[in-house]
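Residue numbers (this note's numbering), protein chains in the order written: chain A, 110 to 676; chain B, 45 to 403; chain C, 1009 to 1353.
Written out below as structure tokens is the structure these notes cover.
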Amino acid sequence: MAANAQSLSEAIVKPRLSRDDWIMRASMIVIGAFLLVAVVLPLYSMMSKSMENKDGAFIGLANFYEYFSTPSLFLSGVNSLWVAALVTVIVLVTAFVYAYALTRTCMPFKWFFRLVAVIPLLAPSLLSGISLVYWFGNQGVAKELLMGESIYGPIGIVIGSAYWVFPHALMIVITALSITDARLYEAAAALRTSAIRTFFTVTLPGCKYGLISAGFVVFILVFTDFGVPKVIGGNFNMLATDIYKQVIGQQNFQMGAVVSVVLLVPAVIAFGVDRLVQKKQVALLSARAVPLEPKPNRRVDMLMLAFCSFVALLILLMIGMAQYAAIIKFWPYNLTLTLHNYNFDLANGGGWDAYFNSVKMATYTAVFGTLIVFFGAYLVEKGRGFNVGRNVFHGFAMLPLAVPGMVLGLSYIFFFNNPSNPFNFIYGTMIILVVSTVAHFYTVSHLTAVTALKQMDAEFESVAASLKTPFYKTFLKVTVPVCLPATMDIFIYLFLNAMTTVSAVVFIYSTDTQLASVAVLNMDDQGELSFAAAMAMMIAYTCAGARLLHLLLTRGVMRSSQAWRQR
Amino acid sequence: MTSNSYLRISNLSKKFGEFEALKNISLDVYESEFVCFLGPSGCGKTTLLRAIAGLDIQTTGRIEQAGKDISALPPSERDFGIVFQSYALFPNLTVERNVAFGLENRGMARAKIRERVTELLDVVGLPDQGRKYPAQLSGGQQQRVALARALATSPGLLLLDEPLSALDARVRARLRLEIKQLQQKLKVTTIMVTHDQEEALTMADRIVVMDHGVIRQVGAPRDIYAAPSSAFVADFIGTMNFLAGRVAGDGVVEVRGTPFRCDTADIPPGEEVTLSIRPEDVILCNGDADVVNGLDTVVRYVEFLGPFCRVGLASDVFEDGEVCADLSSNMMRERTIEQDAPLKVRFPENLVRVFPARS
Amino acid sequence: MNPTSFLTRAIGGLCGAAFALGATGAFAATELTVYTAIEADDLKRYAEEFNKVHPDIEIKWVRDSTGIVTAKLLAEKENPQADIVWGLAATSLMLLKAEGMTEPYNPAGADKLNKRFVDTDSPMHWTGMDAWVAAICVNTIEAEKNNLPMPTTWKDLIDPVYKGHVVMPNPNSSGTGFLDVSSWLQLYGEEGGWEFMDALHENIAWYTHSGSKPCRQAGAGEAPIGISFAYRGAKVKAQGAPIEIVIPSEGAGWDMEATAIIKGTDNLDAAKKLADFSVSKEANVMYNTVYAVVAYPGVAQPVEHYPSNIDELMIDNDFGFAASNRERILKEWQSRYDSKSEPQG
């Protein structure tokens, strides 16, 4: 009997999997395979391409040697670095003060400033470049302000980039400033600490992780952006425009791959550091804090009002000029107003079809992307066992954030346009655009979903299992309704980005699947600036409409679920 | 083998990497019994419950429920209802639909489901709350709903994971009585995990005291209180005074030179031991008469606790520590007991326990 | 834009979004995938003319700028998507020919074309359509404002008076830019050519990525002088831009739009029919509505806004030289001018 018990105790119990476990694992493998095909394998084929010569033979790092010994190309790298760094500093300071005004002061008209701040998200990054030409170009209305300097070059790139990345930084800093503990300020006040000292000992340290994170996001966005330097960069070369020139201008795919790898490295480093920083912040957040209610301070409030008004004015001037440019007959010689520029079928670069393709593409991306991302995040977060699979999946889901769009787009050419690839059939179709866009914006959506899921009671699944309810029923009856606001946020995030993205899709669109954002790029490339401005504004109207709809729907959902949603 | 053992756990171990959360646990739970797993946090009680539920399956060992080996089964193929500390009520479903959740899946007719839900809500004392959402109920009410939901499918085993810990003291006291009565009425075999000894003492038919992944003692509340098998159990359940000493001979333990008569069982002379006595077992002595285990002490403090006072006593024998004595208010009225006053007390021989010295 | 058609499209777009991905309905007898760089507003007209002769063949246009179409064709080398290329720079087609991607075929009537417009091999790999001639677009208003004399020759442009007023396409990303560079190297010889460009570089305000842009920018006064091509100049002028189109008297580089069948096409017969049509007289008349110089002798009528002497000023372009030295020239250009293209302060 004793010997028997001993042998029993040593047999390791192999848990039997339920039908749910099988379905969940199979689903996770399917979505994991999607990410493998949509992100990992294309990147691999791009890396191997960077070590091949024109005939496809392996030549090790010879291409990289050539790249770094070409002074003009090397210079592009240096340019990209300092421009990105400068924009990061400018945007961080601006976004911090703006966010401070919104969260920590009693400045009036906050709603207005919140609204204005998101405007740059509604249009492709190219819009700021176009607008700057009209403001500060050689025929620009405010050319004198530059005191003889040319807008075509780093000045234009810095201003244009700062404009479109501003909301990205602002949202992160607002979040960072919102999660403070009022008790810290009460303690500081009780100790009669001066306002300035409080700022440096409480406020800044409290949001330092948010600022670091925002810094990295801005840096990566500018470092890898292609739209602004393409439009307003003049002769100022940057890495992202180099890729374009290598691939489109010279059909030098190998060198394009090399530049892509060079572009990938700092992005991956910045991404890695940011993840480390984020982990630290989670620990800080867990404390239960008392929300801070700002107190009126007339001088500070008015100062902030002046500052925010100035920033908001700049944003409005930027988009306003693009709108004006879109309805001018022939700049600068014939300023009569016309809708002629909306007649996109007359312009090279994509007609109205491109616009409707974009709407379709964005809709597909939002619908399928939300389904895939949310279900994938659910499997990672709520699945039982299978830790290896869940960790690998999570890793795959985090990867796209580190991959610049251009790099992803170029790698798609290498991977999907290979006749021996079984997925070759999607090349040149709408599918590849949707796949690339979902993949490109996967990480942020995934994290949004994971955050929402984490806020749900961890034991729902256990309870449902004890009640012998299949997981998908619980998923549909409970998880989805509870997370509806988060899924709607993912939906709109994917939709807006799909409408405005240029970088990934510029390499893989086909004539059947021309896109509005790419059309803006091509129209500008041809010098048809007024058409480009009109198309960019079409995108902006659409995105604004989508956001408004999202706002109304979210309110509706919140109202109808008010009875059971706490807080 | 006992014929009415409902749940049999044999040689169960659970490892998380290098950490051994459960070490070779064996336990029988009988039909209709209310068992409490009691222990400090990290003792493995919740791990054991989750292994029984199949939520975190053990590394080695066997679990049988109603004669069937369920060791490797997923939770959905086991027969239990569960209630968590967090209630885990589905926030977007009404109370009714929460309770009906497990029933809706079994092809039961709508009318039947409604009937059963009404019955259950009556049983847990929430007959009119069916249309509300969980967020509109108090914590205690929510936990009743969770209980009704767990019982809806008439499971053979009810698992309660710290069900009362999130509630405030009054609600907790009332609900623990109700749960106990409900369990007795329904005769459902129940296992509850708790770190609260009072809860365990009041509710359980049997208590399983756990520490560091092993079972330290199993027994009825009274037996465990009266006869703890180890210093750990003695300390964890109720309050206990401990004095370090050495066995001087059969029936005598010396504490700092002072001999105490007590049952030394078969511990050989010379062994280091721990002498223990509960505060309520310390007895006041009258006069100077020489008594067995009598001791002159000085009152350090008097703590008024309503029906009784806790008195801290100092003596050379206790070194730096104190011995607490719980003296009933009745007894106190007869004498003046003040701070710094001398007081003679006695440790009754049959109530002093000796344990091997704690490592 | 017609509001009704906008509405129909809007509804169509939204409905389309509701359908499954990639669902396309094809019903024409033969669908021919045609890669092209022809201007978007000419495409419809070209297809209509072709369908007058061959109503059973439906053209599916894949249109983009010269560089992108070329890149796309090369990228798809292993698995070509195009049946035929109609309206792409001949130099690009020569590149495809060198890669073995073109189907040799003598279109019916190709023998009638001007010899400098067709491939010298027999059977031919490509046949020309029309010439695409380098030109200088000069904004008369801005020139006056800046006291710039009207240039008449390439060499005029290196006069310091034009410093910072000239825009030209970057040959590394624009076919027009390369055409300019290769023509200067042919006109002035290797050494003289680079000397000229060194001097010109001093006057260049910025290099653009596309060949059209300098002329459009000249038209908008963004830069007074844009080195571009005559076709673009004529179009910009037609829009009402205050520009003069100058073909430099030394002679101008040129390329042609041309046609080539892609090897391995599943629709070889239909592709041949299109190739035949592309060299026909009717087609050349059609090209002539926007291009002043076409491949079919005797067809060309003067086109509005084009300089009249354009035909004589086309240099005797050695396409072989351009194609075989392309990589070397681009590299040289890049090391000379791209590395210097730092911010001017």
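Glycine included, every Cβ here is placed at the ideal spot set by N, Cα and C.
A quick note: this is a predicted structure, and the numbers were derived from the prediction, not measured.
Residue closest to residue i, alpha-carbon to alpha-carbon, out of the options
i	options	result
Glu-1335(C)	Ser-1236(C), Lys-1289(C), Val-1189(C)	Val-1189(C)
Asp-383(A)	Ile-424(A), Tyr-318(A), Leu-562(A), Ala-506(A)	Tyr-318(A)
Asp-340(B)	Arg-154(B), Cys-353(B), Val-189(B), Phe-362(B)	Phe-362(B)
Phe-409(A)	Phe-167(A), Val-516(A), Pro-217(A)	Here the sequence assigns Val to residue 409(A), which means Phe is not the residue at that position. Checking every option, the nearest Cα to that of Val-409(A) belongs to Pro-217(A).
Phe-677(A)	Phe-505(A), Leu-348(A), Ala-376(A), Lys-339(A)	Lying before the first or after the last residue shown, residue 677(A) is absent from chain A, which here runs from 110 to 676.
Glu-64(B)	Gly-293(B), Asp-310(B), Arg-175(B), Leu-92(B)	Leu-92(B)
Tyr-50(B)	Thr-308(B), Thr-233(B), Ile-381(B)	Thr-233(B)
Gly-1234(C)	Gly-1306(C), Lys-1339(C), Pro-1159(C), Leu-1121(C)	Pro-1159(C)
Tyr-1295(C)	Glu-1230(C), Ile-1270(C), Met-1264(C)	Met-1264(C)
Asp-172(B)	Val-139(B), Arg-150(B), Gly-105(B)	Val-139(B)
Ala-1090(C)	Thr-1038(C), Tyr-1043(C), Met-1102(C), Ser-1181(C)	Tyr-1043(C)
Ala-95(B)	Ala-271(B), Ile-114(B), Leu-371(B)	Ile-114(B)
Lys-452(B)	Asn-48(B), Phe-60(B), Ser-76(B), Leu-371(B)	With chain B covering 45 to 403 only, the question about residue 452(B) has no answer from this structure.
Pro-1232(C)	Lys-1243(C), His-1173(C), Thr-1216(C), Gly-1259(C)	His-1173(C)
Leu-201(B)	Gly-350(B), Arg-322(B), Pro-392(B), Val-79(B)	Val-79(B)
Thr-596(A)	Ala-628(A), Val-331(A), Thr-663(A)	Thr-663(A)
Pro-312(B)	Ala-292(B), Asn-330(B), Val-299(B)	Ala-292(B)
Chain A contact residues for residue i, given Cβ-Cβ distances below 9 Å
i	result
Pro-956(C)	Summary: the structure shown does not reach residue 956(C), with chain C confined to residues 1009 through 1353, and so no result is reported for it.
Val-1141(C)	Simply none; closest approach about 18 Å.
Ala-179(B)	Ala-672, Trp-673, Arg-674, Gln-675
Residues near residue i by beta carbon distance below 6 Å, same chain, minus five either side
i	result
Leu-661(A)	none
Ser-1349(C)	No answer about Ser-1349(C) holds up, because its pLDDT of 44 lies below 50 and its placement is not dependable.
Ser-619(A)	Gly-537
Pro-178(B)	Leu-133, Pro-135, Gln-186
Val-215(B)	Gly-184
Interface residues of chain A facing residue i [CB-CB closer than 8 Å]
i	result
Gly-151(B)	Per Cβ cutoff of 8 Å: no residues; Gly-151(B) is ~12 Å from chain A at best.
Pro-207(B)	Simply none; closest approach about 12 Å.
Ile-101(B)	Val-122, Pro-124
Interface residues of chain B facing residue i [CB-CB closer than 8 Å]
i	result
Phe-550(A)	Neighbours of Phe-550(A) on chain B: none; closest Cβ ~28 Å, over 8 Å.
Residues near residue i by beta carbon distance below 7 Å, same chain, minus five either side
i	result
Gly-492(A)	Met-133, Met-137, Arg-499
Tyr-1239(C)	Trp-1140, Val-1298, Tyr-1299
Asp-129(A)	Pro-579, Phe-580
Ala-1213(C)	Gly-1172, His-1173, Val-1174, Val-1175, Ala-1231
Phe-276(B)	Asp-255, Arg-260
Leu-394(A)	Bear in mind that the predicted position of Leu-394(A) carries a pLDDT of just 45, short of 50, making it too unreliable to give a figure here.
Under 9 Å by beta carbon: chain B residues contacting residue i
i	result
Asp-129(A)	Pro-118, Ser-120
Within chain C, partners of residue i - CB distance below 9 Å
i	result
Ile-424(A)	Near Ile-424(A) there are no residues of chain C at all, since even the closest Cβ is about 24 Å away, more than 9 Å.
Gln-387(A)	Here the premise fails: no neighbours, minimum Cβ distance about 34 Å.
Sequence-distant residues of its chain with Cβ nearer than 8 Å to residue i (five each side left out)
i	result
Ser-1286(C)	Trp-1094, Pro-1115, Thr-1135, Met-1137, Thr-1267
Gly-282(B)	Gln-241, Tyr-269, Arg-322
Ser-1191(C)	Ala-1142, Gly-1259, Ala-1260, Gly-1261, Trp-1262, Ile-1323, Asn-1325
Amino acids of chain A, ordered along the chain, whose beta-carbon sits closer than 7 Å to that of residue i
i	result
Phe-145(B)	Leu-576, Thr-578
Per-residue contacts from residue i into chain B (C-beta, under 7 Å)
i	result
Asp-683(A)	Residue 683(A) is absent from the structure shown; chain A starts at 110 and stops at 676.
Ser-287(A)	Here the premise fails: no neighbours, minimum Cβ distance about 23 Å.
Lys-123(A)	Ala-116
Chain C contact residues for residue i, given Cβ-Cβ distances below 8 Å
i	result
Leu-455(A)	Ala-1048, Asp-1049
7 Å Cβ cut-off: residues of chain C touching residue i
i	result
Tyr-261(A)	Trp-1214
Uninterrupted beta strand (DSSP E) stretches inside the stretch 1160–1195 of chain C (no shorter than 3 residues): The qualifying runs are 1174–1177.
Any C-beta of chain A within less than 7 Å: which residues of the stretch 112–132 of chain B qualify? Within the stretch 112–132 of chain B, the residues whose Cβ lies closer than 7 Å to some Cβ of chain A are Ser-115, Ala-116, Leu-117, Pro-118, Pro-119, Ser-120, Glu-121, Phe-124, Gly-125, Ile-126, Phe-128, Ser-130, Ala-132, listed in chain order.
For the stretch 385–441 of chain A, which segments carrying the alpha helix (DSSP H) assignment without a break, of at least 4 residues, lie completely within its bounds, in sequence order? 407–435
For the stretch 346–357 of chain A, which residues have a beta carbon sitting closer than 7 Å to at least one beta carbon of chain C? Asn-346, Lys-354, Val-356, Ile-357
Segments assigned alpha helix (DSSP H), at least 4 residues, entirely inside the stretch 608–676 of chain A: List check, alpha helix (DSSP H) in window: 625–634, 638–669.
Please give me, in chain order, every unbroken run of the alpha helix (DSSP H) with length at least 4 that falls completely inside the stretch 322–353 of chain A. 336–341, 348–353
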